[in-house]
């Protein structure tokens, strides 16, 4: 009946809202450095995403990446590795997986490898992150800039200061250029760097 379909649609929309809310809550905790608090919210996002999209859907990847980031920050590297493996498996099994999801996966893998001090693998994944982000968002995008910043952090930890400083500058230029493009007032007054 029409009434049943309407209820089903409303339930589906509400569940999607809960997924979004849980993801935003988990991300907020991660950004505040409250990794332990982020884990329950990210687990709720994963549970509801699985309910709505199924257990092999690429729609689960953001929740897995949030869980991996929160677990890494909480020092639970083994658990983070499992979440990243799940996300990577889903992406590999999804031939039409978006570039945006692939770039986020490589960023997460790079940060995880850096946490394990596997700097060579971290740089490999961050290079892929930068390539994918720049192909989708452009070389001077904020998304690409984040990859440069994380890569610079790795070179800094390796005491390769020339490379680190160059990448930090590149990251800063990208962010500055992005701000100039967004604001008409700044575009007129921005001076070449």
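Numbering (UniProt numbering), first residue to last: 1 to 193. Ideal Cβ positions, reconstructed from N, Cα and C, are used throughout, including at glycine.
- Counting C-beta pairs with one atom in each stretch, the stretch 125-132 and the stretch 95-112 have three or more that are closer than 8 Å, which means they touch.
- Within the same chain, 155 come within 6 Å of residue 163 by CB-CB distance, once the 5 residues on both sides are set aside.
- Around the CB of residue 62, 16 or more other CB atoms lie within 10 Å, so the residue is classed as buried.
- Counting along the chain, residue 45 sits inside the alpha helix (DSSP H) bounded by residues 35-53.
- DSSP places residue 141 in the coil class of the three-state scheme, outside both helix and strand.
- Assignment of alpha helix (DSSP H) within the stretch 81-167, counting only whole runs of 4 or more residues, yields 99-115, 119-137, 142-157 in chain order.
- In this structure, residue 67 sits away from residue 53, with a CB-CB distance that is not shorter than 8 Å.
- Per DSSP, reduced to three states, the secondary structure at residue 22 is helical.
- Put simply, of 119, 46, 142, 159 the residue whose alpha carbon is nearest the alpha carbon of residue 171 is 142.
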